[in-house]
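Visitor:
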Amino acid sequence: GTKLKSTHLERSAYLYIRQSTPRQVYENTESTIRQYALKEKAAAL
Numbered sequence: 474g475t476k477l478k479s480t481h482l483e484r485s486a487y488l489y490i491r492q493s494t495p496r497q498v499y500e501n502t503e504s505t506i507r508q509y510a511l512k513e514k515a516a517a518l
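First residue of the sequence shown: 474, per this note's numbering; consecutive thereafter.
#1: Please report how far the alpha carbon of LEU482 lies from the alpha carbon of ILE490, in whole angstroms.
#2: Pull up the distance between the alpha-carbon of ILE506 and that of THR494, whole angstroms please.
#3: Counting only C-beta atoms, is GLN497 closer than 9 Å to chain C at any point?
#4: Would you kindly report the start and end of the unbroken alpha helix (DSSP H) that includes LEU488?
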């Protein structure tokens, strides 16, 4: 019983990480693009 429970916990933790990571990556990419766009605007001025 204990073995099953720990595997289940690992699986849900794994799923949670898998679900949360793309969003973090997306937000990081978003901020990087924004910073890059700001630099481009500054360079244009």
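Think of the CB as a built atom: it goes at the ideal place given N, C-alpha and C, for glycine as much as any other residue.
Guide: Result, derived from the coordinates:
#1: 12 Å
#2: 18 Å
#3: Here there is only one protein chain, and chain C is not present.
#4: 475-517
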